[in-house]
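Colleague: Attaching a single structure in structure tokens format; questions to follow.
Residue numbers (the working numbering): 8 to 191.
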């Protein structure tokens with residue numbers, strides 16, 4: 008979900024012209040840069056040496072795009088659309104042949120090694136299941152379940168109909184349910 012306070016902060020500074028644009032970008036960097044970098048890393052092949060370069064180019068595009076940003080639109084979907092589109096263009100430019108999918112592994116619970124191990128096994132099973140999905144489906148799953156985005160925002164980012172998003176999320180849930188039946 009987009010934080011309304013962050014949105015208002017960014018919109019306020021954008022209304023101040025060029026000087027405000029720098030402050031708005033600083034807020035975007037502070038709030039969203041980590042998530043955008045993670046999202047980009049999930050689209051690029053694992054171990055890609057180009058993730059940092061692509062991230063810097065995306066952030067530059069975001070900064071440049073602030074000049075023409077329409078304040079009636081939500082900020083977060085706009086940022087992710089830029090990140091997705093530029094990363095896909097970047098992949099084509101670098102002529103990558105395959106795109107890996109994102110990991111859902113979290114740090115193990117150090118206070119209880121057994122539960123940490125079980126959690127690690129569960130997340131490994133989730134990752135394996137998600138890695139089987141088509142690229143668009145894995146991106147939709149990431150945006151919906153990790154970023155908790157609205158269906159309309161996902162549809163806008165992916166450039167597809169909202170009903171298609173609903174259908175794909177239902178399909179992804181069924182696949183995950185079947186694949187993880189032994190864990191649930």
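Every residue, glycine too, gets a C-beta built ideally from N, C-alpha and C.
#1: Report yes if the CB atom of residue 186 is closer than 9 Å to the CB atom of residue 157, and no otherwise.
#2: Closer than 7 Å by C-beta to residue 47: which residues in its own chain qualify, once you throw out the five before and the five after it? Chain order, please.
#3: Taking 9 Å as the cut-off, decide whether the C-beta atoms of residue 87 and residue 43 are in contact.
#4: I need the straight-line Cα distance from residue 22 to residue 75, nearest angstrom please.
#5: Excluding five sequence neighbours on each side, which residues of the same chain lie with their C-beta closer than 8 Å to the C-beta of residue 17?
#6: Is residue 154 helix, strand or coil by DSSP?
#7: I think residue 137 touches residue 145, with their Cβ atoms under 8 Å apart; what is that distance to the nearest whole Å?
#8: Starting from residue 46, follow the alpha helix (DSSP H) in both directions and report where the run begins and ends.
#9: Which residue marks the beginning of the alpha helix (DSSP H) containing residue 72, and which one marks its end?
Modeller: For this structure:
#1: Here residue 186 is not near residue 157, since their CB atoms are 9 Å or more apart.
#2: Here the set comprises 58, 61, 62, 65, 90, 94.
#3: The answer is yes: Cβ separation under 9 Å.
#4: Inter-residue distance for residue 22 and residue 75 is about 12 Å (C-alpha atoms, whole angstroms).
#5: Contacts found: 31, 34, 35, 82.
#6: When secondary structure is reduced to three states using DSSP, residue 154 falls in the coil class, being assigned neither helix nor strand.
#7: The pair is a contact, with the Cβ atoms about 5 Å apart (cut-off 8 Å).
#8: Unbroken alpha helix (DSSP H) run through residue 46: 25-50.
#9: That run of the alpha helix (DSSP H) goes 58-72.
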